[in-house]
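Chemist:
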Amino acid sequence: MRSVHLVLSSPYDRDILDLAVPALAGLAAGPLVSLVDTAFVGQLGRVPLGALGVNTSIFSMTFVVFNFLAYGTTPRVGRAVGNDEREEAGRVVVRALVLAVAVGIVALIALQALARPILTVMGASEELMAPALSYLRIRALAGPAVLLITASHGAFRGYQDTRTPMVVTLGFNVVNGGLDPVLIFVFDWGLAGAAAATAIGQWVGALTFLYLLLYTRRDELGITLRWPAPHTLVPFLKVGRDLFLRTASLVGTMTLATAMAARVGVTAVAAHQVAAQLWTFLALLVDALAVAAQALVSKHLGSDDPESAREVANRLVQWGLAVGVGLGLGFWALRPILPTFFTDDPDTVAALLDVYFFVVVLQPLNGLVFVGDGIYMGAEAFPYLAKAMIGTALAAAVVLLLVNPMGWGLVGVWWGITTLMVGRILTLAGPYVRGTLLAPESE
Numbered sequence: 001m002r003s004v005h006l007v008l009s010s011p012y013d014r015d016i017l018d019l020a021v022p023a024l025a026g027l028a029a030g031p032l033v034s035l036v037d038t039a040f041v042g043q044l045g046r047v048p049l050g051a052l053g054v055n056t057s058i059f060s061m062t063f064v065v066f067n068f069l070a071y072g073t074t075p076r077v078g079r080a081v082g083n084d085e086r087e088e089a090g091r092v093v094v095r096a097l098v099l100a101v102a103v104g105i106v107a108l109i110a111l112q113a114l115a116r117p118i119l120t121v122m123g124a125s126e127e128l129m130a131p132a133l134s135y136l137r138i139r140a141l142a143g144p145a146v147l148l149i150t151a152s153h154g155a156f157r158g159y160q161d162t163r164t165p166m167v168v169t170l171g172f173n174v175v176n177g178g179l180d181p182v183l184i185f186v187f188d189w190g191l192a193g194a195a196a197a198t199a200i201g202q203w204v205g206a207l208t209f210l211y212l213l214l215y216t217r218r219d220e221l222g223i224t225l226r227w228p229a230p231h232t233l234v235p236f237l238k239v240g241r242d243l244f245l246r247t248a249s250l251v252g253t254m255t256l257a258t259a260m261a262a263r264v265g266v267t268a269v270a271a272h273q274v275a276a277q278l279w280t281f282l283a284l285l286v287d288a289l290a291v292a293a294q295a296l297v298s299k300h301l302g303s304d305d306p307e308s309a310r311e312v313a314n315r316l317v318q319w320g321l322a323v324g325v326g327l328g329l330g331f332w333a334l335r336p337i338l339p340t341f342f343t344d345d346p347d348t349v350a351a352l353l354d355v356y357f358f359v360v361v362l363q364p365l366n367g368l369v370f371v372g373d374g375i376y377m378g379a380e381a382f383p384y385l386a387k388a389m390i391g392t393a394l395a396a397a398v399v400l401l402l403v404n405p406m407g408w409g410l411v412g413v414w415w416g417i418t419t420l421m422v423g424r425i426l427t428l429a430g431p432y433v434r435g436t437l438l439a440p441e442s443e
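Going by the working numbering, the sequence shown opens with residue 1, and the numbers climb by one from there.
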């Protein structure tokens with residue numbers, strides 16, 4: 001059994017930070033600009049803000065199922081780069097871009113055709129329907145752009161470059177943020193202006209990525225403009241299937257947790273929302289390490305160097321644990337003031353403090369789990385991730401479904417989330433600790 005030796009420094013630290021720091025900036029740009037969008041739309045009143053909220057959930061759920069365009073592209077490009085096969089890396093990129101356009105067009109058509117039924121299912125009232133429908137139809141026009149951006153992120157990460165995606169992402173989000181006040185207030189388009197600003201910004205980002213990949217850096221990256229054979233797209237679709245099952249199980253469990261909190265009561269679900277948002281936002285810090293894991297592990301495996309892949313993975317595990325411990329300590333230090341920053345309702349604050357310990361203690365575990373996911377994706381162990389997540393989600397669902405019958409309250413909801421995270425770390429630890437995940441025969 002291999003062990004992870006704790007050391008204060010490692011020759012891989014520079015590579016990890018070179019990838020993780022720009023990745024963090026890119027990952028944080030989207031949520032920050034969403035906050036800006038919300039602030040502008042909030043000035044229009046309660047109805048536009050509610051319509052924006054419904055649409056935010058729709059687009060988050062719609063396009064998260066296509067994250068295989070990033071997660072499937074990074075390790076394939078990384079392996080090709082590690083094996084010094086630039087032409088193969090270029091072929092992978094073209095396949096990802098073609099699939100992004102095709103799937104994006106399908107998503108666009110589906111969102112346009114099913115806009116009203118989707119909003120109805122999401123619970124949009126008659127008061128919200130008209131503005132929400134307008135926003136959805138306009139923003140859906142950027143469907144292909146969103147998926148091109150996703151695939152491009154995956155491509156550049158495989159090339160061990162997270163700075164370019166960071167710059168492009170910040171750039172098109174600045175376009176979005178700059179257009180918001182102009183289209184919303186100056187042109188008086190209201191919520192439709194916010195949708196148009198987002199769509200324009202995303203198309204600017206997609207076209208910038210295409211310009212870089214297919215023109216200015218095409219030769220450097222080994223990209224040849226040749227239409228891929230249909231059968232070469234099948235591996236991406238298989239990855240998409242596995243990642244869909246994984247992501248749907250994870251998102252479904254967290255959605256069930258919210259539903260159970262809502263059944264406990266209004267105060268409980270309000271407190272749960274604050275705790276869950278803190279959890280989600282700070283996950284960005286560890287997600288940046290997961291990006292580095294995907295890129296570096298796939299590169300070393302592509303170089304036929306599983307020992308280096310194992311060493312960099314061990315170091316990433318240490319980084320994940322350290323960041324998780326740091327976040328936990330930070331949460332605990334802010335315990336006296338953080339809850340009141342989100343709400344001044346004493347009952348909600350009290351309910352939040354009841355589960356605050358879970359948010360603190362689970363941070364180190366989160367760090368290990370998120371980095372572990374990145375390592376497994378770098379090794380292209382997508383089928384295992386899907387099966388492990390389904391089993392873990394079922395175990396967590398059993399706990400969550402017992403919350404109301406057993407009268408466990410909001411604390412019981414967070415025991416369900418704890419079950420999910422403990423299950424994830426146990427299933428990730430098995431092949432990794434045994435040394436089979438990154439062994440030569442597993443390539």
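Beta carbons are placed, not taken as given, at the ideal position from N, Cα and C, and that holds for glycine.
1. Comparing C-alpha positions only, which one of V269, P364, P306 sits nearest to F331?
2. Please look up how many angstroms separate the CB atoms of P22 and T216, rounded, as I've assumed it's under 8 Å.
3. Taking the straight line between their C-alpha atoms, what separation do you get for R335 and L108?
4. Mapping the DSSP letters down to three states, classify R76 as helix, strand or coil.
5. In angstroms, rounded to a whole number, what distance separates the CA positions of T418 and A395?
6. If I'm right that V239 touches A293 with Cβ under 8 Å, what's the distance once you round it to whole angstroms?
7. Spatial neighbours of G143 within its chain, please: CB distance less than 7 Å, with the 5 preceding and 5 following residues excluded, ordered by chain position.
8. Between the Cα of D18 and those of T280, Y159, G412, spot the shortest distance and give me the residue it belongs to.
9. If you run the structure through DSSP and keep just helix, strand and coil, what is S60?
10. If you draw a straight line from the alpha carbon of G119 to that of M129, how long is it in whole angstroms?
11. Residue range of the alpha helix (DSSP H) that W319 falls in?
12. Report the rounded CA-to-CA distance for G320 versus F244, giving the unit in angstroms.
13. Between the C-alpha atoms of F209 and G430, what's the straight-line distance to the nearest angstrom?
14. Could you tell me the alpha carbon to alpha carbon distance between W414 and A393, rounded to whole angstroms?
15. Applying the criterion that 16 or more other CB atoms from any shown protein chain within 10 Å of the CB defines a buried residue, is D304 buried or exposed?
16. Which ranges would you report for the alpha helix (DSSP H) in the region 78-160 if only whole runs of at least 4 residues count?
17. For S10, which three-state DSSP category applies?
18. Please confirm whether R86 and L221 have their CB atoms less than 8 Å apart.
19. So, does the region 400-411 touch the region 321-328, judging by three or more C-beta pairs under 8 Å?
20. With distance defined between alpha-carbon atoms, name the residue in Y12, L27, S308 nearest to A288.
21. Thinking G177 and V36 are a contact (beta carbons under 8 Å), I'd like their distance in whole angstroms, please.
Modeler: In brief:
1. On the sequence shown, position 331 is the one that residue 331 refers to. The residue with the shortest Cα to Cα distance from F331 is P364.
2. Counting from 1 along the sequence shown, the entry for residue 22 is found at position 22. Counting from 1 along the sequence shown, the entry for residue 216 is found at position 216. No, P22 and T216 are not in contact; Cβ-Cβ is about 19 Å, not under 8 Å.
3. Numbered from 1 along the sequence shown, position 335 holds the residue referred to as residue 335. Numbered from 1 along the sequence shown, position 108 holds the residue referred to as residue 108. Roughly 44 Å between the two C-alpha positions.
4. The count along the sequence shown starts at 1 and reaches residue 76 at position 76. In the structure shown, R76 adopts helical secondary structure according to DSSP, grouped into three states.
5. Position 418 of the sequence shown, counted from the start, is the residue given in the question as residue 418. Position 395 of the sequence shown, counted from the start, is the residue given in the question as residue 395. C-alpha separation (whole angstroms): 11 Å.
6. Reading the sequence shown from its first residue, position 239 is the one you call residue 239. Reading the sequence shown from its first residue, position 293 is the one you call residue 293. About 17 Å; that fails the 8 Å criterion.
7. By 1-based counting over the sequence shown, the position of residue 143 is 143. Contacts found: G104, A107, L108, L111.
8. For the purposes of this step, residue 18 is taken as residue 18 along the sequence shown, with counting starting at 1. Selected option, being the one with the closest Cα: Y159.
9. Numbered from 1 along the sequence shown, position 60 holds the residue referred to as residue 60. Three-state result, S60: helix.
10. Taking the sequence shown and counting its residues from 1, one reaches residue 119 at position 119. Taking the sequence shown and counting its residues from 1, one reaches residue 129 at position 129. It should be pointed out that residue 119 corresponds to Leu in this sequence rather than to Gly. So the alpha carbons of these two residues sit roughly 7 Å apart.
11. By 1-based counting over the sequence shown, the position of residue 319 is 319. W319 -> alpha helix (DSSP H) spans 306-333.
12. For the purposes of this step, residue 320 is taken as residue 320 along the sequence shown, with counting starting at 1. For the purposes of this step, residue 244 is taken as residue 244 along the sequence shown, with counting starting at 1. The straight-line gap from Cα to Cα measures roughly 25 Å.
13. The residue given as residue 209 occupies position 209 in the sequence shown. The residue given as residue 430 occupies position 430 in the sequence shown. Distance between the alpha carbons of F209 and G430: 38 Å.
14. Along the sequence shown, one-based indexing puts residue 414 at 414. Along the sequence shown, one-based indexing puts residue 393 at 393. Roughly 14 Å between the two C-alpha positions.
15. Against the sequence shown, residue 304 aligns to sequence position 304. Under this definition D304 is an exposed residue.
16. DSSP assignment within the region 78-160 yields the following whole alpha helix (DSSP H) runs of 4 residues or more, N-terminal first: 86-113, 115-121, 126-139, 143-158.
17. What you label residue 10 is simply residue 10 of the sequence shown in a count that begins at 1. Secondary structure at S10: coil, using DSSP grouped into helix, strand and coil.
18. As a first step, residue 86 is located in the sequence shown; it is residue number 86 there, counting from the start. As a first step, residue 221 is located in the sequence shown; it is residue number 221 there, counting from the start. Yes, these two residues count as a Cβ contact at 8 Å.
19. Counting Cβ pairs under 8 Å, fewer than three are found: no touch.
20. As a first step, residue 288 must be located in the sequence shown, where it is residue number 288. When each option's Cα is compared against that of A288, the closest is L27.
21. Taking the first residue of the sequence shown as 1, we reach residue 177 at position 177. Taking the first residue of the sequence shown as 1, we reach residue 36 at position 36. With a contact defined as Cβ atoms closer than 8 Å, G177 and V36 qualify at about 5 Å.
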